[in-house]
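In the numbering used here, the protein residues as written are 305 to 777.
Ideal Cβ positions, reconstructed from N, Cα and C, are used throughout, including at glycine.
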Amino acid sequence: MKTLRVSLINAGRPSFTSPAVSPPLGLLYLAAYARKHVQADFQVIDQRGLDLPLEEVIRQIRDFSPDIIGIRCLTANAGMARNLAEALRAELSGLMIVAGGPHASSMGGKLLEDMPIDVAVPGEGEVPFTSILQAVHSGSDLSHIPGIWWKNQAGDIIHNPGVPDFIQDIDAIPMPAYELIDVLAYGKRRNMTMLTKRPRYFSLFTSRGCPYRCIYCHSIFGKRFRPHSPERVVEEIQWLADHYGIEDFDILDDIFNMNADRVFNIVELLKKKNMRYRFAFPNAMRTDILTEEVMDALVDMGTYMSAFALETGSPRLQKVIGKNLNIEKYLAGVRMAARRRIFSYGFAMLGFPGETAEEMQMTVDVICNSDLHAVLFFTVTPFPGTPLFEQVVRDHPERLQRLDYEGKDYLFKLTANLSQVSDEELTQKLREANRRFYLNPRRIMKIIRDYPEFRQLITLGTRFLYLQATSKL
Numbered sequence: 305m306k307t308l309r310v311s312l313i314n315a316g317r318p319s320f321t322s323p324a325v326s327p328p329l330g331l332l333y334l335a336a337y338a339r340k341h342v343q344a345d346f347q348v349i350d351q352r353g354l355d356l357p358l359e360e361v362i363r364q365i366r367d368f369s370p371d372i373i374g375i376r377c378l379t380a381n382a383g384m385a386r387n388l389a390e391a392l393r394a395e396l397s398g399l400m401i402v403a404g405g406p407h408a409s410s411m412g413g414k415l416l417e418d419m420p421i422d423v424a425v426p427g428e429g430e431v432p433f434t435s436i437l438q439a440v441h442s443g444s445d446l447s448h449i450p451g452i453w454w455k456n457q458a459g460d461i462i463h464n465p466g467v468p469d470f471i472q473d474i475d476a477i478p479m480p481a482y483e484l485i486d487v488l489a490y491g492k493r494r495n496m497t498m499l500t501k502r503p504r505y506f507s508l509f510t511s512r513g514c515p516y517r518c519i520y521c522h523s524i525f526g527k528r529f530r531p532h533s534p535e536r537v538v539e540e541i542q543w544l545a546d547h548y549g550i551e552d553f554d555i556l557d558d559i560f561n562m563n564a565d566r567v568f569n570i571v572e573l574l575k576k577k578n579m580r581y582r583f584a585f586p587n588a589m590r591t592d593i594l595t596e597e598v599m600d601a602l603v604d605m606g607t608y609m610s611a612f613a614l615e616t617g618s619p620r621l622q623k624v625i626g627k628n629l630n631i632e633k634y635l636a637g638v639r640m641a642a643r644r645r646i647f648s649y650g651f652a653m654l655g656f657p658g659e660t661a662e663e664m665q666m667t668v669d670v671i672c673n674s675d676l677h678a679v680l681f682f683t684v685t686p687f688p689g690t691p692l693f694e695q696v697v698r699d700h701p702e703r704l705q706r707l708d709y710e711g712k713d714y715l716f717k718l719t720a721n722l723s724q725v726s727d728e729e730l731t732q733k734l735r736e737a738n739r740r741f742y743l744n745p746r747r748i749m750k751i752i753r754d755y756p757e758f759r760q761l762i763t764l765g766t767r768f769l770y771l772q773a774t775s776k777l
């Protein structure tokens with residue numbers, strides 16, 4: 305039987321204020337899983353991670369001559385994904401184009417109206433995408449694949465009933481197909497920690513799914529925590545170290561410390577194998593379930609950086625947004641990290657539905673009185689597919705036209721502003737918050753003392769000056 309040729313593309317480009325990139329692990333998992341079930345050769349092109357111009361992406365695809373193209377699409381990169389799909393249609397006729405990722409999950413059939421693609425795959429992609437490849441390989445249509453949107457030969461958009469299956473035992477998924485990318489190229493790019501370039505760096509997922517119900521978050525991997533076994537985690541770490549010399553890892557789990565016993569077992573296995581590496585957790589720990597024992601284990605593991613997401617300092621809004629984080633436990637968790645000289649940064653957002661000026665001040669006060677080294681203050685941005693977006697559609701449809709996800713500063717600029725304060729007041733509050741936090745002499749000394757790579761401190765300074773000059777601070 306013919307071997308299918310499949311190109312997988314991580315669409316988009318980084319920007320100055322959002323320069324962080326990570327390896328396209330989702331595409332590498334997709335290729336590794338599909339190869340177990342269908343005869344196919346894969347190409348992975350990381351347009352965003354390697355900052356590739358459209359012309360170079362098209363050239364690489366043309367040289368590979370695929371039968372099927374898969375595009376990973378984020379809402380923030382949807383315009384670039386559309387441009388890519390249009391260019392592919394113009395340059396290479398007769399190809400099936402499949403879109404996946406958070407934006408495909410959010411938009412569903414509308415994505416097939418907005419972009420010249422054939423299929424949109426929601427949620428976790430391994431099972432439905434493999435089924436698509438099997439259907440193409442056998443010459444059948446796609447009507448049997450649960451949950452996908454697709455165009456039939458008449459051009460009609462069809463939504464299959466059901467939902468794509470989650471893989472409950474994620475140890476059954478092979479390790480990512482690392483050989484399809486230049487692993488060491490990512491050590492030359494700004495990574496998710498936003499701290500420094502790290503020559504022998506790579507990223508890992510050790511779990512999928514988050515049981516919390518924050519209204520601003522996607523749930524592409526579902527609400528059930530599905531971890532890799534400690535043995536699988538350590539096997540993958542060792543494989544990357546042995547084959548590529550990786551010694552610095554970003555763990556990108558939503559909540560790595562969801563299960564304390566699993567953390568202890570991972571650390572114990574690393575110690576038994578005498579494996580000493582550096583670890584960072586840029587997607588945040590959940591502080592209200594963080595304990596001194598877990599923090600000690602993380603230090604033993606080699607942890608030097610972690611994010612801690614507050615989002616809001618208002619107890620009322622914690623309930624409204626579904627995070628339900630205890631503020632005192634948040635501060636205690638940050639103190640645990642500070643005592644162990646772990647570089648910590650926080651996430652906070654201003655502009656939640658009904659938020660008052662007093663509640664914004666509560667958020668600023670909590671952050672500025674904490675032991676964090678750094679913080680990112682964002683404006684609240686409702687993304688399609690989230691409960692927050694549905695709330696805007698229901699209660700404030702007139703604000704939808706203000707939403708813009710594709711500007712280089714989309715994380716910092718005002719979009720819907722669902723709060724009770726004016727745009728001007730909210731902008732001023734953000735400026736004051738950043739100045740109060742970063743222009744604190746005690747904090748400056750703390751940053752200098754604990755920054756993982758002293759020579760890279762210029763990164764923070766340059767970022768601060770840029771945002772101040774463009775009125776983001």
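Put residue i into one of helix, strand or coil per three-state DSSP.
| i | result |
| --- | --- |
| A315 | coil |
| T321 | Below a pLDDT of 50, predicted positions are generally treated as unreliable, and T321, at 45, falls in that range; the measurement from the model is reported next regardless. Coil, per DSSP. |
| P503 | coil |
| N628 | coil |
| A424 | strand |
| A458 | coil |
| M579 | coil |
| L718 | coil |
| Y755 | coil |
| E659 | coil |
| G637 | helix |
| D445 | coil |
| R493 | coil |
| M666 | helix |
| C672 | helix |
| R366 | helix |
| L621 | helix |
| L378 | coil |
| S723 | coil |
| M749 | helix |
| P406 | helix |
Which residues mark the beginning and the end of the alpha helix (DSSP H) in which residue i is found?
| i | result |
| --- | --- |
| D355 | D355 -> no alpha helix (DSSP H), and no H or E assigned at all. |
| A338 | L329 to R339 |
| K733 | D727 to Y742 |
| K414 | G413 to D418 |
| E483 | Counting along the chain, E483 falls outside any alpha helix (DSSP H), and DSSP gives it neither H nor E. |
| I436 | E430 to S442 |
| R386 | A382 to E395 |
| Q695 | P691 to D699 |
| L602 | E596 to M605 |
So who's on the other strand from residue i, going by DSSP bridges?
| i | result |
| --- | --- |
| M400 | I372 |
| S610 | F585 and S648 |
| T616 | DSSP lists no partner for T616. |
| V310 | F346 and I372 |
| H463 | W453 |
| R512 | R530 |
| L488 | In the DSSP output, where bridge partners are listed per residue, L488 has none listed. |
| L654 | T683 |
Taking all protein chains shown into account, decide if residue i is buried (16 or more other Cβ within 10 angstroms of its Cβ) or exposed.
| i | result |
| --- | --- |
| T307 | exposed |
| F320 | With a pLDDT of 44 at F320, under the threshold of 50, the predicted position of this residue should be treated as unreliable, though the coordinate-derived value follows. That one is exposed. |
| R753 | exposed |
| Q472 | exposed |
| I748 | exposed |
| N314 | buried |
| A344 | buried |
| L743 | exposed |
| W453 | buried |
| M599 | buried |
| P701 | exposed |
| D460 | exposed |
| S397 | exposed |
| S726 | exposed |
| E483 | exposed |
| R502 | buried |
On the DSSP letters alone, give me the boundaries of the beta strand (DSSP E) that residue i sits inside.
| i | result |
| --- | --- |
| L680 | A678 to T683 |
Would you say residue i touches the ligand MN, meaning its beta carbon is less than 7 Å from a heavy atom?
| i | result |
| --- | --- |
| A391 | Because no ligand of any kind appears in the structure shown, any question about the ligand MN cannot be addressed here. |
Any C-beta of chain B sitting closer than 8 Å to the C-beta of residue i?
| i | result |
| --- | --- |
| F651 | Of the protein chains in the structure, only one exists, and it is not chain B. |
Residue ranges of each alpha helix (DSSP H) run of no fewer than 4 residues wholly in the region 522-572, ordered along the chain? 534-548
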